[in-house]
Amino acid sequence: MPADLNWAIGGEAGDGIDSTGKIFAQALSRAGRHVFTSKDFASRIRGGYTAYKIRTSVDQVESVVDRLDILIALTERTIDENMNELHEGSVIIYDGERTTMQDVEIPDEMIGLDVPLKSLAEDAGGAIMRNIVALGAACEVTNFPIENLDESLEKRFKDKGQAIVENNKKAARLGQEYVAEECDADTDYDMETTDNDYVLLNGNEALGMGAIAAGCRFYSGYPITPATSIMEYLTGRLDSYGGKVVQAEDELAAINMALGAARAGARAMTATSGAGIDLMTETFGLVATSETPLVITDVQRSGPSTGMPTKQEQGDLNMALYGGHGEVPRFVVAPTNISECFWKTIEAFNLAEKYQTPVFLVSDLAMSVSEQTFPPETFDMDEVEIDRGKVVDEDSISDWQNEQGQFQPHFPNADGVSPRAFPGTEGGAHMTTGLEHDELGRRTEDTDIRIEQVDKRQQKVDTAREEEEWDYREYGEPDADTLVISWGSNEGAMREALGFLEEEGTDVRFISVPYIHPRPDLSDEIDAADEVIVVECNSTGQFADLLEHDTLTRVKRVNKYNGVRFKADELAEEIEAKLGEPTEVEAE
Amino acid sequence: MSSEIRFTDFKSDKQPTWCPGCGDFGTMNGMMKALANTGNDPDNTFVVAGIGCSGKIGTYMHSYALHGVHGRALPVGIGTKLSNPELEVMVAGGDGDGYSIGAGHFIHAVRRNVDMTYVVMDNRIYGLTKGQASPTSREDFETSTSPDGPKQPPVNPLALALAAGGTFIAQSFSSDSQRHTEIVKKAIEHDGFGFVNVYSPCVTFNDVDTYDYFRDTIVDLSETDHDPTDYDDAKSAILDADKEYQGVIYQDEGSVPFDEREGLSEPMHDIPDGAPDDAMDLVREFY
Ligand SMILES: Cc1ncc(C[n+]2csc(CCOP(=O)(O)OP(=O)(O)O)c2C)c(N)n1
Ligand code: SF4
Ligand SMILES: [Mg+2]
Chain A
1 MPADLNWAIG GEAGDGIDST GKIFAQALSR AGRHVFTSKD FASRIRGGYT AYKIRTSVDQ
61 VESVVDRLDI LIALTERTID ENMNELHEGS VIIYDGERTT MQDVEIPDEM IGLDVPLKSL
121 AEDAGGAIMR NIVALGAACE VTNFPIENLD ESLEKRFKDK GQAIVENNKK AARLGQEYVA
181 EECDADTDYD METTDNDYVL LNGNEALGMG AIAAGCRFYS GYPITPATSI MEYLTGRLDS
241 YGGKVVQAED ELAAINMALG AARAGARAMT ATSGAGIDLM TETFGLVATS ETPLVITDVQ
301 RSGPSTGMPT KQEQGDLNMA LYGGHGEVPR FVVAPTNISE CFWKTIEAFN LAEKYQTPVF
361 LVSDLAMSVS EQTFPPETFD MDEVEIDRGK VVDEDSISDW QNEQGQFQPH FPNADGVSPR
421 AFPGTEGGAH MTTGLEHDEL GRRTEDTDIR IEQVDKRQQK VDTAREEEEW DYREYGEPDA
481 DTLVISWGSN EGAMREALGF LEEEGTDVRF ISVPYIHPRP DLSDEIDAAD EVIVVECNST
541 GQFADLLEHD TLTRVKRVNK YNGVRFKADE LAEEIEAKLG EPTEVEAE
Chain B
1 MSSEIRFTDF KSDKQPTWCP GCGDFGTMNG MMKALANTGN DPDNTFVVAG IGCSGKIGTY
61 MHSYALHGVH GRALPVGIGT KLSNPELEVM VAGGDGDGYS IGAGHFIHAV RRNVDMTYVV
121 MDNRIYGLTK GQASPTSRED FETSTSPDGP KQPPVNPLAL ALAAGGTFIA QSFSSDSQRH
181 TEIVKKAIEH DGFGFVNVYS PCVTFNDVDT YDYFRDTIVD LSETDHDPTD YDDAKSAILD
241 ADKEYQGVIY QDEGSVPFDE REGLSEPMHD IPDGAPDDAM DLVREFY
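These protein sequence lines are chains A and B, in that order. UniProt numbering numbers the first residue of the first sequence as 1 and each following residue consecutively. UniProt numbering numbers the first residue of the second sequence as 1 and each following residue consecutively.
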């Protein structure tokens with residue numbers, strides 16, 4: 001018997017699949033078992049197949065496998081959709097009394113349990129509880145003590161009154177008893193329970209919680225799957241910390257509102273997916289040139305255009321890195337698992353304020369909808385550190401005024417970072433603009449100042465490259481000939497894959513990279529390996545391109561960005577000057 | 001401090017590069033006077049400017065200011081005001097900025113009724129891009145991109161504002177300095193979104209909506225029996241396409257701004273050095 005159990009409930013969107021699955025996942029978590037959930041769903045609210053899947057074990061689980069042991073099928077299509085995951089001995093619980101399920105054929109090698117879910121639910125007080133009857137049946141099949149279900153039923157239904165809670169408990173027991181008495185389902189699953197207390201949350205919840213922990217006070221967004229649940233999480237909660245969530249009229253407004261809030265000194269964030277990030281692109285450059293600290297979250301989904309809105313993809317890496325016309329200095333951070341969605345969000349806010357520049361926090365659909373159990377101390381709030389960077393107040397502002405007493409918001413310090421005065425600070429009034437500007441924020445086309453300001457903004461990224469840690473997570477066999485590299489949410493699946501590969505006799509060194517720009521220099525690691533394989537959820541290998549770029553033989557560079565085109569004689573001179581200079585080999 | 005504030009304190013050391021005679025000079029002067037007359041000073045004022053000749057105002061005024069992306073000034077102002085309601089937030093831009101590329105934001109800013117002021121410097125032309133039709137250009141107004149006129153009726157921004165639930169709708173004329181200042185001052189004092197469409201002539205690219213035209217046609221509502229608190233009065237004035245009005249056209253005296261309804265009054269910029277004290281409760285919610 002495998003140590004993990006794979007369970008699912010599936011049916012039509014609108015059948016309450018999600019909430020039923022969540023009740024079971026919480027029951028497992030409360031019983032001290034680890035859980036990792038995933039969802040198959042269509043973007044329609046009603047109609048279309050949807051499923052909630054749970055993988056559970058006493059050990060930590062952080063990925064899904066192509067194997068389904070127990071399936072509650074509310075529709076025939078649910079069985080078809082999962083046929084490739086079902087195997088010999090899989091249990092399928094269904095209601096043969098349902099008109100659409102009467103002709104269901106369960107393959108011989110599987111165990112079909114025909115349970116009158118609806119009739120039993122009616123006996124317990126209402127047909128609406130048929131999914132709960134199914135949960136009770138599942139408890140019996142998996143030998144999972146049904147008492148563990150009671151607590152999560154209480155949690156889910158207590159707002160509706162104790163009578164409803166009791167009815168649901170009864171419904172679960174009717175399902176359990178029916179299977180025990182009427183069905184021949186002799187399985188030997190061992191659903192060991194422990195005394196551990198776990199919390200169960202998804203990547204977007206972890207990200208939202210990270211934002212609150214980091215002191216985020218302003219969030220503006222426009223609904224789009226799968227980013228919306230960040231806004232839903234923050235709504236209500238942010239208010240109780242003196243903050244505000246605003247539903248904007250579109251993503252153009254969302255990013256500009258967040259920008260306005262950040263200029264006022266609030267820690268601010270916006271989040272979006274798909275086409276939403278395209279609309280926001282317009283403002284990336286303004287965030288960077290006005291040197292405004294802003295966290296821009298992209299929960300990637302399948303594109304291009306409307307693509308497959310409820311499906312996974314890591315296709316926006318180039319957008320996060322290069323989006324926006326002109327050259328926009330920025331940081332790109334991509335959490336590699338659900339708990340990192342929490343910690344990297346906090347880091348993103350600190351980077352944004354320390355370096356007064358946009359930080360792209362790049363997550364993805366898979367992480368946003370999957371829930372995972374963690375010991376609560378994974379999110380130890382005492383470990384949270386806040387760094388607001390160079391903020392000046394009434395007393396220190398004179399250090400940053402020029403001889404005319406004007407505050408210099410874009411003063412070109414050696415590290416590239418200027419002082420920041422929140423509006424309302426006496427003596428700090430200043431403007432800033434998306435136009436090229438001088439140290440006072442006043443528009444200019446002076447070629448020397450242009451170069452000074454471009455360099456200053458870029459210097460912030462260079463300073464951060466030196467001063468911050470751009471590390472990676474490493475797993476597997478350090479001396480293996482094969483090196484696998486991935487970014488974002490592939491970490492969990494790849495970690496488990498290492499075990500399968502080892503069983504086959506293949507040793508692998510695995511590097512999981514959470515920083516895209518700046519990113520760790522992997523040249524030595526890549527050199528040391530015979531084979532390097534880059535794993536990512538997109539068709540062209542956007543991260544692979546970057547790594548190839550990092551390890552290329554270096555070319556020398558001639559650049560000009562003062563607003564004047566190249567002139568022939570000047571070019572000849574520049575090229576002459578470059579000859580004989582050593583090339584710098586240095587990864588981003 | 002406010003008693004010592006003069007309107008010239010709101011002037012920056014940059015000399016405006018507007019064409020001599022541009023209406024924007026008068027529009028800006030009135031805004032600076034209105035700010036000073038309402039007890040504001042540059043350190044508590046946040047100006048958001050659009051993109052256009054009009055948008056240069058952010059550079060010529062002295063205050064905390066952001067000169068942003070074409071058409072997006074209003075959302076910036078909303079974000080600033082909500083996260084620090086103690087600031088005086090004033091947004092200014094052109095007719096193209098506000099009623100074309102930013103039209104969506106205009107409607108929703110009016111609906112949201114945040115306590116701020118929005119001044120549109122309406123010259124019925126795209127000035128900065130050298131004379132193309134704007135959404136307020138006349139139907140037969142000939143420009144480089146509309147040789148026979150845009151052949152679409154101009155938008156009526158005041159009607160848009162009224163339809164969107166506007167609580168303060170006014171119009172002024174940049175060369176009537178005293179009335180313009182008074183009207184902007186009322187917009188600042190209004191509890192909610194104070195919207196003023198200012199006739200601010202472009203002397204270079206618009207030879208029909210000129211100073212003379214406005215001087216000859218403008219009707220000052222304060223010299224009529226117009227009652228700005230009367231919705232029907234406002235509606236008939238706004239829908240009267242034959243007249244150019246100046247004055248406060250509509251004011252909802254019962255307006256409660258969004259920020260106040262949402263209980264926002266404190267600046268959001270101060271946060272603790274670490275996670276909030278009770279932050280572990282957020283984790284426990286996931287048991
Ligand atoms: C996204 C974008 N599109 C186009 C432009 C070019 N542009 C700059 S100002 C402007 C129109 C300005 O007209 P208006 O808002 O009426 O301001 P005015 O110059 O008349 O004061 C345009 C189209 C731009 N800056 N950004
Ligand atoms: S072009 Fe028109 S709007 Fe622009 S500065 Fe000149 S007069 Fe003013
Ligand atoms: Mg104009």
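Ideal Cβ positions, reconstructed from N, Cα and C, are used throughout, including at glycine. In this text the structure is predicted, and so the values were computed from the model without any measurement.
Is residue i near ligand 1 - that is, is its Cβ less than 6 Å away from at least one heavy atom of it?
i	result
B/Tyr126	yes
A/Asp527	no
A/Cys537	no
B/Ile271	no
B/Ser134	yes
A/Gly11	no
A/Lys463	It is worth fixing the name first, because residue 463 of chain A is Thr in this sequence and not Lys. False, no ligand heavy atom lies under 6 Å from that Cβ.
Straight-line CA distance for residue i to residue j?
i	j	result
A/Ser418	B/Pro228	48 Å
B/Ser2	B/Leu35	Note on B/Ser2: pLDDT 45, under 50, position unreliable in the model; no value is reported.
A/Gly260	A/Ile346	20 Å
A/Arg263	A/Thr292	6 Å
A/Leu579	A/Lys556	9 Å
A/Gln356	A/Glu394	20 Å
B/Ser100	A/Asn256	17 Å
B/Tyr199	B/Asp225	22 Å
A/Asp108	A/Asn168	33 Å
A/Ile212	A/Lys53	29 Å
A/Met1	A/Asn143	Residue placement at A/Met1 cannot be trusted, given a pLDDT of 38 that sits under 50; the coordinates are not used to answer.
What residues of chain B sit near residue i, judged by a beta carbon separation below 9 Å?
i	result
A/Pro376	Met280, Val283, Arg284, Phe286 and Tyr287
A/Lys311	Neighbours of A/Lys311 on chain B: none; closest Cβ ~26 Å, over 9 Å.
A/Arg217	Ser83, Met268, His269 and Ile271
Please tell me whether, using a cut-off of 6 Å, the distance from the CB of residue i to the nearest non-hydrogen atom of ligand 2 is below it.
i	result
B/Thr145	no
B/Val203	yes
B/Trp18	yes
B/Cys53	yes
B/Cys22	yes
Given that residue i touches chain B, what residues does it touch there, using C-beta distances under 7 Å?
i	result
A/Gly434	His67, Gly68 and Val69
A/Ser220	Gly79
For a contact defined as C-beta to C-beta under 8 Å, what are the partners of residue i on chain A?
i	result
B/Thr59	Met431, Thr433, Arg442 and Arg443
B/Ala237	By Cβ distance, chain A contributes nothing, its closest Cβ being about 28 Å from B/Ala237, past 8 Å.
Using the rule of at least 16 other Cβ atoms within 10 Å of the residue's Cβ for burial, across every protein chain shown, is residue i buried or exposed?
i	result
B/Ala241	exposed
B/Arg6	exposed
A/Ser63	buried
A/Ala429	buried
A/Asn84	exposed
B/Arg284	exposed
A/Ser370	buried
A/Ala127	exposed
Residues of chain A with CB under 9 Å from residue i, in chain order?
i	result
B/Ser100	Those within 9 Å of B/Ser100 in chain A number zero; the least Cβ separation is about 14 Å.
B/Arg72	Leu252, Ala253, Ile255, Asn256, Leu259, Glu282, Thr283 and Leu286
For residue i, is the beta carbon positioned less than 6 Å from some heavy atom of ligand 3?
i	result
B/Asn123	yes
B/Gly102	no
B/Gly71	no
B/Asp95	yes
I want to verify the contact list: residues of chain A whose CB lies under 7 Å from the CB of residue i, in sequence order.
i	result
B/Ala275	Ala213, Met381 and Val384
B/Met28	Under the 7 Å cutoff, chain A gives no residues; its nearest Cβ is about 14 Å from B/Met28.
Note down, in chain order, every chain B residue with its Cβ under 8 Å from the Cβ of residue i.
i	result
A/Glu504	Going along chain B, no residue has its Cβ under 8 Å from A/Glu504, so there is no contact; the nearest lies around 37 Å.
A/Ala261	Gly79, Thr80, Leu82, Ser83 and Met268
Inside the region 61–149 of chain A only - alpha helix (DSSP H) runs reaching at least 4 residues: 76–81, 117–124 and 130–142
Mind pulling the alpha helix (DSSP H) runs of 4 or more residues that sit fully within the region 250–283 of chain B? 258–261
Residue ranges of each alpha helix (DSSP H) run of no fewer than 4 residues wholly in the region 22–86 of chain B, ordered along the chain? 23–37, 57–60 and 73–83
Scan the region 431–491 of chain A and note each continuous alpha helix (DSSP H) run of 4 residues or more that stays entirely inside, going in chain order. 447–467
List in chain order: all unbroken beta strand (DSSP E) runs of 3+ residues lying wholly within the region 177–210 of chain A. 199–202
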